[in-house]
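Using our numbering, the first residue of the sequence shown is number 735, and each one after it goes up by one. Glycine included, each C-beta is placed from N, C-alpha and C at the ideal position.
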Amino acid sequence: MQERRWLLEGVERPDADALDVYRRNGGYDGAWRAFDEIDPAAVIDEVEAAGLRGHGGAWRPVAARWRAAGALGGVRALLVDVSESESGRFRDRKLAERLPHRLIEGALIAAHALTADDVYLCVRADWRRARSVLGHAMDEARAAGWIDRALGRSGHAVRLHLHPVPGPLPARGTDQLLPHLIECSRPEPRASNGTNDLPTLFGAPVLVHTAATLAFLPAILARGSGAFRELGSADFPGTVAISVSGHIRRPGLFEVEIGSGSFGELIDTLAGGVVDETDLLAVFPGGAPALDGDALKSLQIDPGVWSQPGGGEHEGSFGCGTIVVADDAVTPLDLAARWLDHAAQLGCGQCPVCREGSVWLIQHLQRLREGGVTAIDPSALQERLEILAHGEGEGLAICGHPTVAAHVTQGLLQIAPEHVDSQASAGATPIDDDAPLRTADSIHLRF
Ligand code: SF4
């Protein structure tokens, strides 16, 4: 398996974040074409021909979303989500830190195609480096005249804002959450208004895109949709950047062609294999549920083979391109407890099923870990997990945050049920909470 870079092209160049380095290597050529050579409708045609989909987890076709927004009267603003909160995901943060101009260029191209008046780059407030680099890159782009060339619906230049947002945020519902955050700074997802699927900002319709999705646009416009189409599959063309962390020798971001290999190949070749040659216990694929190591080995890095979003045979969600690898130095029960604890901290507390359900599950798993009960009550546990998993669909939760937590826990408990039972009945020693399951904030990345 080899890397194939579109999104991360040039990421290892010295001073990759500088405008002159970016320009020398073809940066803003896509924007030039979009602004000066073709009209906004032709930009949408090009994106449609490329088959670009959103890389935030839902994998919706980008051009179809833009056309649907146009049919509803258009959008006033474009919100760029640079706030990734899922455990183990660090793709968009690295993009902001290393390739800020690609992110800005992509956002300007999208705003121009949508004739949006404002672009908000919503960056986690605690990512000081990302905010600083993006802010400097915005100054460079403004001084060079690039921002003024993208025109909104009023015929005036697009206004580009850098907007810090608190974080980490609930893992789902950012389409409704980010506009709410800009309006009143409260990190609480809102329910969809039900009349259409466009969220609103100060009463005006907006679109929310993940940073990585927009960062594909410069290369697609510059190299042409045909070159992008040559990669990947018919339904899911192009490449995907995977954040790999956990018990792995070479953690980092790896961009590969969609469908060019399996997660097992990615782990064993590009990421160097599991640390200390211990056994692979579980993998969290960013969506849900968690997988055991053997199930993962042959699974293709292709959203099309998963039931979500591709309707494929493998049950579960491909997610946004994140995997956290766990070896057998930890147990499924410990991992589930940690994961739930993290998820509970991200919940905003509006919905009882999310707030109370998470606490109940954490307490239940904690008692199991400490040997406080001698066996799992499978029916009670599964019942709670099912309620959490279907909370959003049944109107019990505003967003899908508890669904992710439930699916991850269900997957972990299925990986090795005998392991779970033995830990519970043996009154196993509680894990040392300081024992590191390495995450994106504690590992050395390649760039
Ligand atoms: S489901 Fe959880 S995170 Fe989502 S709105 Fe309700 S309480 Fe907040």
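Item checked: Glu782 in three-state terms, based on DSSP -> helix
Next item on the list: Would you tell me roughly how many angstroms separate the C-alpha atoms of Leu987 and Asp826, rounded to the nearest one?
Entry: Their backbone Cα atoms lie some 10 Å apart in a straight line.
Check: If we call anything under 9 Å between Cβ atoms a contact, is Val899 one with Leu912?
Finding: yes
Notebook entry, point to check: Using a threshold of 8 Å, is the CB atom of Ile916 nearer than that to any non-hydrogen atom of the ligand SF4?
Noted result: Closer than 8 Å to some heavy atom of the ligand SF4: that does not describe the Cβ of Ile916.
Next item on the list: Going by DSSP, name the residue or residues bridged to His1124.
Entry: Looking at the DSSP assignment, His1124 forms no beta bridge with any residue, so it has no partner.
Notebook entry, point to check: Cα-Cα, which of Tyr756, Glu737 and Trp793 is closest to Asp969?
Noted result: Trp793
Next item on the list: Kindly indicate which three-state DSSP category Glu991 falls into: helix, strand or coil?
Entry: Reduced to three states, the DSSP call for Glu991 is strand.
Next item on the list: Check the DSSP bridge columns for Cys856 and list the partner residues they point to.
Entry: Per DSSP, Asp815 and His897.
Next item on the list: Can you tell me the Cβ-Cβ gap for Glu780 and Ile954, rounded? I've got them flagged as a contact below 8 Å.
Entry: Yes, they are in contact, since the Cβ atoms of Glu780 and Ile954 sit about 7 Å apart, within 8 Å.
Checklist line | Residue environment, Gly1083, which counts as buried when at least 16 other CB atoms sit within 10 Å | finding: Exposed, by the Cβ-count rule.
Next item on the list: Find out if the Cβ-Cβ distance for the pair Thr944, Asp754 is shorter than 9 Å.
Entry: It is not a contact, given that the beta carbons lie outside the stated cut-off.
Note to self: Quick check: the Cα distance between Val1064 and Tyr762, rounded to an integer number of angstroms?
What the structure shows: Roughly 47 Å between the two C-alpha positions.
Note to self: Going residue by residue through the segment 913 to 986, where are the continuous beta strand (DSSP E) segments of at least 3 residues, counting only ones entirely within it?
What the structure shows: DSSP runs (the beta strand (DSSP E)) wholly in the segment 913 to 986: 938 to 944 and 973 to 980.
Check: Is it buried or exposed for Ala877, if we count other Cβ within 10 angstroms and need 16 for buried?
Finding: So Ala877 counts as exposed.
Next item on the list: Specify the secondary structure class of Asp873 as computed by DSSP and reduced to three states.
Entry: Assignment of Asp873 by DSSP, reduced to helix, strand and coil, places it in the helix class.
Check: Is Val899 near the ligand SF4, in the sense that its beta carbon is under 8 Å from a heavy atom of that ligand?
Finding: No heavy atom of the ligand SF4 is found nearer than 8 Å to the CB of Val899.
Check: So, helix, strand or coil for Trp1094, using DSSP?
Finding: helix
Next item on the list: Have a look at Ser979 and Pro985 and give me their C-alpha separation to the nearest angstrom.
Entry: 5 Å
Check: In terms of DSSP beta bridges, what is Arg787 paired with?
Finding: Pro795
Next item on the list: Would you tell me roughly how many angstroms separate the C-alpha atoms of Thr1003 and Gln736, rounded to the nearest one?
Entry: 9 Å
Check: Mind checking whether the beta-carbon of Pro913 lies closer than 8 Å to any heavy atom of the ligand SF4?
Finding: no
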